[in-house]
Amino acid sequence: MKKLVLVVIAAVLFAGFSANGQSKLVSSKSHIKFFSSTPAEDIEANNTTSVSTINPSTGEIVFSVPMQGFEFEKALMQKHFNGEDFLNTKEFPKAKLTGKILNIDKVNFSADGTYDAHVEGELTIKGVTKPVHEMGKITVKGGKVDANSKFNITLADYGINFVKGKPASNIAKTVEVTLQAEYAAE
Amino acid sequence: MKKKKIIRIGLIAVVAGIIIAGAVGFYMFNMPHRDVQSSKADFILNSSDIVAEYLGNKDAANQKYLAADGDSKILEVSGIVNKISEDFDGQKVVLLKSDGDKAGVIAAFTPETNANAEKLQVGELVTVKGVIRAGAAYDSDLELYENVILEKSDVVTK
Chain H
1 MKKLVLVVIA
11 AVLFAGFSAN
21 GQSKLVSSKS
31 HIKFFSSTPA
41 EDIEANNTTS
51 VSTINPSTGE
61 IVFSVPMQGF
71 EFEKALMQKH
81 FNGEDFLNTK
91 EFPKAKLTGK
101 ILNIDKVNFS
111 ADGTYDAHVE
121 GELTIKGVTK
131 PVHEMGKITV
141 KGGKVDANSK
151 FNITLADYGI
161 NFVKGKPASN
171 IAKTVEVTLQ
181 AEYAAE
Chain U
187 MKKKKIIRIG
197 LIAVVAGIII
207 AGAVGFYMFN
217 MPHRDVQSSK
227 ADFILNSSDI
237 VAEYLGNKDA
247 ANQKYLAADG
257 DSKILEVSGI
267 VNKISEDFDG
277 QKVVLLKSDG
287 DKAGVIAAFT
297 PETNANAEKL
307 QVGELVTVKG
317 VIRAGAAYDS
327 DLELYENVIL
337 EKSDVVTK
């Protein structure tokens, strides 16, 4: 009986320790780039205002992206981007990615290295949620964790349509999103 | 004779119209970004107040502070410096947050104003001016409180 109690105590302690070792990773240093290319022009916007978390035990990954944080070279483009016809950022101030790193068991957060991350989840832009399935990379180096990914978004999937005018001919139907975030334990 | 004169005036009008339209188009295309620092602040408040306002009613606060074209309200926010860091663009990022508050105000500086952020000390009471990009909220997916975000910031010296 005494032995059993000891085993239970040891198991509880062990579980507590391992949970501590796997505390949530938080990133408030990130960079999201949005790139559109058409024969008319290339358009780029950059955002360094996002917050992201990774739960190393479950593989859950979240990105919250303040949409008004996208900076364009040209002021008029930034106005179009924010406007009601495009991303309507006043009504939908944040975009969100919630997903799961499916192969989280292959990522060793305590050993330096670069690991492929297979992310499946949902992306919500302008109030429209769509499933996403993307590849990324997680780099662990000296206790620092970095996540990187590059994927394409089809604007029409999120109800972003241009029928006429300059934006219709100068903005690509599919834009490339590059994402980078640096994490630290919470 | 009269007919010729009308045609000539008409031509001049059309040419003038094209030039004006072209000039307006060129100006619009190259329109400069709003200079936040030389613009007047729309609201003057402290970090705890704006955080409380957002946590109380996020939607009403967004209606009040965010603009549809992205040129949202310019705020002058006073608060205690909690942390100074740097983003991926090399811009200094200053978190103003009072002890006991669930969230704070995070202000990103610019290459022109970075030097002023570097002079700040953690624990110091400062006033920062910038354009609001997003409000504070509890995010149940992140399981975190998100800060109010200001950009194009600088320290206000009075």
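One line per chain: the protein sequences are H and U, in this order.
First residue of the first sequence: 1, per my numbering; consecutive thereafter.
First residue of the second sequence: 187, per my numbering; consecutive thereafter.
By construction, the Cβ of each residue, glycine as well, lies at the ideal position given by its N, Cα and C atoms.
Just so you know, these numbers come straight off a predicted model, no measurement behind them.
Item to check | Buried versus exposed call for glycine 127 of chain H [16 or more other C-beta atoms within 10 Å across all chains shown] | outcome: Taking the first sequence and counting its residues from 1, the one referred to as residue 127 of chain H is at position 127. Exposed, by the Cβ-count rule.
Checklist entry - Unbroken beta strand (DSSP E) runs of length 3 or more, entirely within the region 46 to 124 of chain H: which are they? => result 51 to 54, 60 to 66 and 94 to 101
Checklist entry - Counting only beta-carbon atoms, is isoleucine 292 of chain U nearer than 9 Å to chain H? => result Here residue 292 of chain U is taken as the residue at index 106 of the second sequence, counted from 1. For isoleucine 292 of chain U, the answer is yes, since a Cβ of chain H falls inside 9 Å of its Cβ.
Item to check | Endpoints, beta strand (DSSP E) assigned at aspartate 340 of chain U | outcome: The residue you call residue 340 of chain U lines up with position 154 of the second sequence. Element bounds for aspartate 340 of chain U: 334 to 341.
Checklist entry - Sorted by chain position, which residues of the same chain lie with C-beta nearer than 8 Å to serine 169 of chain H's C-beta, five sequence neighbours on each side aside? => result The sequence position of residue 169 of chain H within the first sequence is 169, counting from 1. Excluding sequence neighbours, serine 169 of chain H sits near Thr38 and Ala40.
Item to check | As assigned by DSSP and simplified to three states, the class of valine 201 of chain U | outcome: Locating residue 201 of chain U in the second sequence gives position 15, where the first residue counts as 1. If DSSP states are grouped into helix, strand and coil, valine 201 of chain U belongs with the helices.
Item to check | Buried versus exposed call for valine 119 of chain H [16 or more other C-beta atoms within 10 Å across all chains shown] | outcome: Mapped onto the first sequence, residue 119 of chain H falls at position 119. Label assigned to valine 119 of chain H: buried.
Item to check | Extent of the continuous beta strand (DSSP E) to which glutamine 243 of chain H belongs | outcome: In the structure displayed, chain H extends from 1 to 186; residue 243 of chain H sits before or after that span and is not available.
Item to check | Of the residues U:Gly321, U:Ile236 and U:Ser326, the one placed nearest glutamine 68 of chain H, counting alpha carbons only | outcome: Residue 68 of chain H sits at position 68 when you count from the first residue of the first sequence. Answer by Cα proximity: U:Gly321.
Checklist entry - Out of curiosity, what's the CA-to-CA distance linking glycine 136 of chain H and lysine 344 of chain U? => result Within the first sequence, the letter at position 136 stands for residue 136 of chain H. Within the second sequence, the letter at position 158 stands for residue 344 of chain U. Approximately 48 Å, taken between the alpha carbons.
Checklist entry - Are the C-beta atoms of leucine 261 of chain U and some chain H residue less than 9 Å apart? => result Here the question's residue 261 of chain U lines up with position 75 in the second sequence. By this cut-off, leucine 261 of chain U is not an interface position.
Checklist entry - Going along chain H in order, which residues have a C-beta closer than 9 Å to the C-beta of serine 233 of chain U? => result In the second sequence, residue 233 of chain U corresponds to position 47, counting from 1. Correct list: empty, because the minimum Cβ distance to chain H is about 16 Å.
Checklist entry - Quick one: does leucine 76 of chain H have its CB under 9 Å from some CB of chain U? => result Taking the first residue of the first sequence as 1, we reach residue 76 of chain H at position 76. At least one chain U Cβ lies under 9 Å of leucine 76 of chain H.
Checklist entry - Going along chain H in order, which residues have a C-beta closer than 7 Å to the C-beta of isoleucine 335 of chain U? => result Reading the second sequence from its first residue, position 149 is the one you call residue 335 of chain U. Those are Thr49, Pro66 and Gly69, listed as they occur along chain H.
Item to check | Euclidean distance between Cα positions of valine 62 of chain H and glycine 208 of chain U | outcome: Taking the first residue of the first sequence as position 1, residue 62 of chain H is located at position 62. Taking the first residue of the second sequence as position 1, residue 208 of chain U is located at position 22. For valine 62 of chain H and glycine 208 of chain U, the distance between alpha carbons rounds to 46 Å.
Item to check | Cutoff 9 Å: phenylalanine 109 of chain H Cβ touching any chain U Cβ | outcome: The residue labelled residue 109 of chain H in the question sits at position 109 within the first sequence. Judged by the 9 Å Cβ criterion, phenylalanine 109 of chain H is not in contact with chain U.
Checklist entry - Assuming valine 342 of chain U and lysine 315 of chain U make a contact with CB atoms under 8 Å, what is their CB distance in whole Å? => result Within the second sequence, numbered from 1, the residue matching residue 342 of chain U stands at position 156. Within the second sequence, numbered from 1, the residue matching residue 315 of chain U stands at position 129. Rounded, the Cβ-Cβ distance is 5 Å, consistent with contact.
Item to check | Residue-level contact to chain U via CB, threonine 53 of chain H, 9 Å cutoff | outcome: Residue mapping note: residue 53 of chain H aligns to position 53 of the first sequence, counting from 1. Yes, because at least one Cβ of chain U sits closer than 9 Å to the Cβ of threonine 53 of chain H.
Checklist entry - In chain H, which residues lie with their C-beta within 8 Å of the C-beta of asparagine 248 of chain U? => result Locating residue 248 of chain U in the second sequence gives position 62, counting from the first residue. The contacting residues are Lys90 and Pro93.
Checklist entry - What are the boundary residues of the beta strand (DSSP E) that alanine 301 of chain U is part of? => result Position 115 of the second sequence, counted from the first residue, corresponds to residue 301 of chain U. Not the beta strand (DSSP E): alanine 301 of chain U falls in the alpha helix (DSSP H), residues 300 to 304.
Checklist entry - How would you list, in chain order, the residues of chain U whose beta-carbon sits under 7 Å from the beta-carbon of glutamate 84 of chain H? => result What you label residue 84 of chain H is simply residue 84 of the first sequence in a count that begins at 1. Within chain U, the residues near glutamate 84 of chain H are Ala254.
Checklist entry - Using the C-alpha atoms, what's the distance from threonine 49 of chain H back to phenylalanine 162 of chain H? => result In the first sequence, the residue the question calls residue 162 of chain H occupies position 162. In the first sequence, the residue the question calls residue 49 of chain H occupies position 49. So the alpha carbons of these two residues sit roughly 27 Å apart.
Checklist entry - Skipping 5 residues on each side, what residues in its chain have a beta carbon closer than 6 Å to that of serine 28 of chain H? => result Position 28 of the first sequence, counted from the start, is the residue given in the question as residue 28 of chain H. Excluding sequence neighbours, serine 28 of chain H sits near Val51.
Checklist entry - Fully enclosed by the region 248 to 273 of chain U, which beta strand (DSSP E) runs are 3 residues long or longer? => result 260 to 272
Next on the checklist: Under 8 Å, with one C-beta from each stretch per pair, do the region 132 to 149 of chain H and the region 102 to 122 of chain H reach the 3-pair mark?
Outcome noted: yes
Next on the checklist: Taking only three categories from DSSP, how would you classify serine 169 of chain H?
Outcome noted: For this step, residue 169 of chain H is matched to residue 169 along the first sequence. If DSSP states are grouped into helix, strand and coil, serine 169 of chain H belongs with the helices.
Checklist entry - Just how far apart, CA to CA, sit glycine 59 of chain H and valine 132 of chain H? => result Sequence index remark: in the first sequence, residue 59 of chain H carries index 59 (1-based). Sequence index remark: in the first sequence, residue 132 of chain H carries index 132 (1-based). Their backbone Cα atoms lie some 15 Å apart in a straight line.
Next on the checklist: Check this for me: beta carbons of glutamate 337 of chain U and glutamate 182 of chain H, under 9 Å apart or not?
Outcome noted: Sequence index remark: in the second sequence, residue 337 of chain U carries index 151 (1-based). Sequence index remark: in the first sequence, residue 182 of chain H carries index 182 (1-based). No, Cβ-Cβ distance for glutamate 337 of chain U and glutamate 182 of chain H is not below 9 Å.
Item to check | Span of the alpha helix (DSSP H), counted from its first residue to its last, around glycine 316 of chain U | outcome: Locating residue 316 of chain U in the second sequence gives position 130, counting from the first residue. Here glycine 316 of chain U belongs to no alpha helix (DSSP H); instead the beta strand (DSSP E) covers 311 to 320.
Next on the checklist: Please confirm whether serine 18 of chain H has its beta-carbon closer than 9 Å to some beta-carbon of chain U.
Outcome noted: Residue mapping note: residue 18 of chain H aligns to position 18 of the first sequence, counting from 1. Its pLDDT being 45, under 50, serine 18 of chain H is placed unreliably by the model, and the measurement read from it follows with that caveat. So, not an interface residue.
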